[in-house]
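Chemist: Sharing a structure, written as C-alpha cells. Questions coming.
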C-alpha cells in the first residue's frame, strides 16, 4: 500500500543501459569485449599537458594551461579532430597525472591509444622573467619514436599569448592560412580574463565544477566577449545542475549571447554553445536535435552524449500516449536518455568524481535501482508520477496523476516494475564497477560500487567484493569528517541487512558520539537506535529533501525553519513517542503556517503533518491532520479515519482489494517498514492477527532487501524496529518461541540505549526474551 515513493521521485540525471555486467571500456567508449583494438584515427589529435623544464621560473600559465590554449589553436582547422577534453581529463586522472606534469612518453602513447587518437602532441614550457619559451612535438602514435614535426616559439608573458599558441598550432600542423574558423586561442586580450579562464580549466581538470564556474564567471566579467569562457561556464552549469539565482542569471546570459559568440569558436565548440542555448531556455526537443548533430560529427564526444541524455531525462512534460489516448507518457525518451548516460559515463568514468557525495546518492536513484523510485512529470500544471516498467527489454514510463498515485490504490505499480528494477540494478553494477576499476584510490568510487553491491545483495565479508568492505574502504580513504560519518551510517545499514544488530548498534553508538552535528544522513541512525530527540541535532539542511510530498504529489515551497521543524516531528513520529513532543510540534507547525495563503497552506500542512499523523494513529488516534478533503488524502489516512469512525467493513474491503492486486499479500520482501507497520496496525484493529503476522514477516525475513533510504527517510528507520517489536509480541502470544525470541532480541538490542519514552517497549522485549529463553 504505502511506500516511501512520495519522497524519492527522481528527475533522471545519470546513467542506464544494457544489462551486461562488464568493466572498463573500448576506445570508442563502448564496453568490452572490444573485438580487438580499434584502428587509430590519424586525423584525431591528443594534446597533453606540457612539462615544466627544470630551472624555469613559476609562470601564470602551467603546462595544462598551455595544452588548453594549443587545443583551441588546433580546433580552428576544419579537418582536425581533437580527442574529447573530458576523456583526456579522465585519462590523466586515471594515470595520477597532476601539476607539475611529468608524463612519460610511454604513458602519453597509452593515453592516445586509449582515446583512439593517431596523433599525439607533447611539449615543454620554460619560463624566465617575462618570457615563455614553448617547445612542442607532433608524434605518430602507431609508430612512436621521433616526432613527425617540432616547433619552438617565444612569447612575452604579458603579450599576445593567444596569437602565439595559434601560430604554434599552425606550425605543428604545417597548415596554410585560409582553412581555419574561429579565433582559436586568441579569445581575449584581457590578461585578467585569461588568468581566470586558466584557473577555471584547472578546476575542471580536478572535477570541481563549483570552483570552475566561479572562475569562468570571473573571466566573462573581465571580458564580456570571451566566447570560450562563456562556453565552459555553460558546461560547468550543465554538468552540475546548480539551482542558485546566480546560476540562473548565468544561464540566461549564455542563452542570450550564444548566437553572437558563435563565430569566435571552432566548429565543435560552437555547436556545443548553440546546444546550450535551448537547454538553458528549457526547449528540450531543440536541444536534443543539436546534440544529435554533435554526435553525428563525433561519436566520442562526452559532452554530446551527456547533453543528449539530459535533454531527454529532464523533460518532465507529460503527453497523451499516441496509440492510446487514455494513457499518458513522457515527451522525453527515457530509453534514449539512459543509453546516452551509459555511453557518456563509460567514455569518462572520472566524471563521477564531480558528484562527490551525490554520486552514491544519485546513481541508484537516477537509475531507478530501488523499487519505490518514481519519475515526476507535469501536464497542464498538474503533477504526475510514473514507475519504470519493461516493454520488450526497453524501459517505459506511463504517468498517473499525482493524486491517483498518492492514494495508493491498486494498479499504481505496473506488473513489470520489479523486472525493470532488476535490469536497472545490473546496469548500476556495470557502471559502478567501471568507475571503481578505473579509480581504486578514490573513496567516491568505492561508495558507488558499495551501493551497487548492496542492491545486488552482495553484502558480507567473504564475497569477492562486498558492500560492507567497499563502504569500509571508502571511509578509510575519506578525509572529510562529515563524509566519513555518512560512510559509517552506510555501514550501519548494511549490518542491519545481514542481521548483525549488535554490530549495528555498536557502530551506531560510536558514530553518534563522534559525528559532527548537523551532518546529513546521520539522524536516521539516532532514530534507528531509539533516540529521536538526539536525531534533531543531526538534521542538516540537506535532510529537508527527504520530507514527504503533499498527499497529491503537488510541489510546494516550505521555508527552511518550518521544514526543519517538520523533520523533528517526523523523527518523533517514526519512533512513535514521546506523545507530548509530537503534540507540541504539531501545534508549532500549525502556528508557523497560520499566515500562509489557504491553497499553499493546505499543501504545506499535508507535506509536514500527514505522514506523522498516520505513523502515530495507533498510539494517539486521529490527529488534526486526518481529513477527507483535498489534498489527497492518501489511502492510509482514509482507512484510519474510517476505522476511527467504526467503518470496519470498508477497511476490510480495501485491504482485501490491495492484497488481491499484489498476489494475495499486503507485503513483500521489498516493502518499506512504514507502510508495513500501518497495514499491520489496521489488520490488528480488525482482529486479523494471521494476516498481520504474514505482513510483518515478509520484509523482516528479507532484510537483505531493505531500502537503501532506510537511514535517510527516518520513518523507515523507526518503523523497522517497531515492526520487530510487534512481530515479537504477536509470536509470543501464539507461542512461537523462536520467532518471539529472535525479534524481541533484535528490537531490545537496537533500542538498548533508547530514550525514556521508548523504554517501555524495550522492557517488554526483554521480558519476552527472558520468558522464551531456551532451557
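In our numbering, the protein residues as written are 141 to 915.
Cβ atoms here follow ideal geometry from the backbone N, Cα and C, with glycine treated the same way.
As the structure is a prediction and not an experimental result, all values here were calculated from the model.
(1) Flag this pair as touching only if the segment 517-534 and the segment 556-565 have three or more C-beta atom pairs under 8 angstroms; answer yes or no.
(2) Per DSSP, what are the beta-bridge partners of residue 291 in this structure?
(3) Quick one: which unbroken alpha helix (DSSP H) runs of 4-plus residues sit fully inside the segment 321-355? Chain order, please.
(4) Tell whether a beta-carbon distance below 9 angstroms holds between residue 215 and residue 190.
(5) Using DSSP with H/G/I as helix, E/B as strand and the rest coil, what is residue 464?
(6) To test your reading of the DSSP string, which unbroken alpha helix (DSSP H) runs of 4 or more residues are found completely within the segment 747-824?
(7) At which residues does the beta strand (DSSP E) containing residue 265 begin and terminate?
(8) Within 10 angstroms of the Cβ of residue 499, are there 16 or more other Cβ atoms? Answer buried if so, exposed if not.
(9) Look up residue 535 in the DSSP assignment and say whether it is helix, strand or coil.
(10) Could you spell out where the beta strand (DSSP E) holding residue 182 opens and where it closes?
(11) For residue 513, which three-state DSSP category applies?
(12) Can you give the Cα-Cα distance for residue 582 and residue 617, rounded to whole angstroms?
(13) When burial is assigned at 16 or more other CB atoms within 10 Å of the CB, is residue 391 buried or exposed?
(14) Taking the DSSP output, what are the residues bridged to residue 470?
(15) Could you compute how far the alpha carbon of residue 424 sits from the alpha carbon of residue 418?
(16) Please confirm whether residue 920 and residue 644 have their CB atoms less than 9 angstroms apart.
(17) Please report whether the beta-carbon of residue 897 lies at a distance below 9 angstroms from any beta-carbon of chain D.
(18) Under 9 angstroms between the Cβ atoms of residue 673 and residue 721?
(19) Could you check the C-alpha separation between residue 620 and residue 655 for me, to the nearest Å?
(20) Going by C-alpha to C-alpha distance, which of 406, 428, 739, 608 sits closest to residue 415?
(21) In whole angstroms, what separates the C-alpha of residue 534 from that of residue 552?
(22) If distances are taken between C-alpha atoms only, which option among 395, 487, 364 comes closest to residue 374?
(23) Where does residue 244 land, buried or exposed, given buried means 16+ other C-beta within 10 angstroms?
(24) Between residue 462 and residue 634, what straight-line distance do the alpha-carbon atoms span, to the nearest angstrom?
(25) Go through the segment 409-454 residue by residue and report every complete run of the alpha helix (DSSP H) that reaches 4 residues or more, in order.
(26) Which residue comes first and which comes last in the alpha helix (DSSP H) that contains residue 909?
(27) Apply the 10 Å Cβ neighbour rule to residue 739 and answer buried if 16 or more other Cβ atoms are within range, or exposed otherwise.
(28) Thinking C-alpha only, which one of 710, 607, 513 is nearest residue 924?
(29) Should residue 230 and residue 592 be called a contact, given that it needs their Cβ atoms to be closer than 9 angstroms?
(30) Express the C-alpha separation of residue 745 and residue 687 in angstroms, rounding to a whole number.
(31) Can you have a look at residue 298 and say buried or exposed, based on whether 16 or more other CB atoms are within 10 angstroms of its CB?
(32) Please list the segments of the beta strand (DSSP E) lying wholly inside the segment 594-666, counting only runs of 3 or more residues, in order along the chain.
(33) Can you look up residue 219 in the DSSP assignment and give me helix, strand or coil?
(34) Please list, in chain order, all residues of the same chain as residue 641 whose beta carbon is under 6 angstroms from its beta carbon, the five residues on each side excluded.
(35) I'd like to know if the segment 333-343 and the segment 351-362 are in contact, where contact means that at least 3 CB-CB pairs between them fall below 8 angstroms.
(36) Could you check which residue in 541, 536, 794, 515 has the C-alpha nearest to that of residue 521?
Modeler: Reading off the structure:
(1) yes
(2) 276
(3) 331-345
(4) no
(5) strand
(6) 757-760, 775-784, 788-801
(7) 257-268
(8) Confidence is the limiting factor: at residue 499 the pLDDT is only 49, short of 50, which leaves the residue's position unreliable, though a coordinate-based value still follows. So residue 499 counts as buried.
(9) strand
(10) 181-187
(11) coil
(12) 7 angstroms
(13) buried
(14) 458
(15) 7 angstroms
(16) The requested residue 920 is not part of the displayed model; the chain covers only 141 to 915.
(17) Of the chains in the structure shown, none is chain D; there is only one protein chain.
(18) yes
(19) 11 angstroms
(20) 428
(21) 19 angstroms
(22) 395
(23) exposed
(24) 44 angstroms
(25) 424-437, 442-453
(26) 899-911
(27) exposed
(28) This structure leaves residue 924 out entirely; the chain is present only between 141 and 915.
(29) no
(30) 12 angstroms
(31) exposed
(32) none
(33) coil
(34) 886, 889, 890
(35) yes
(36) 541
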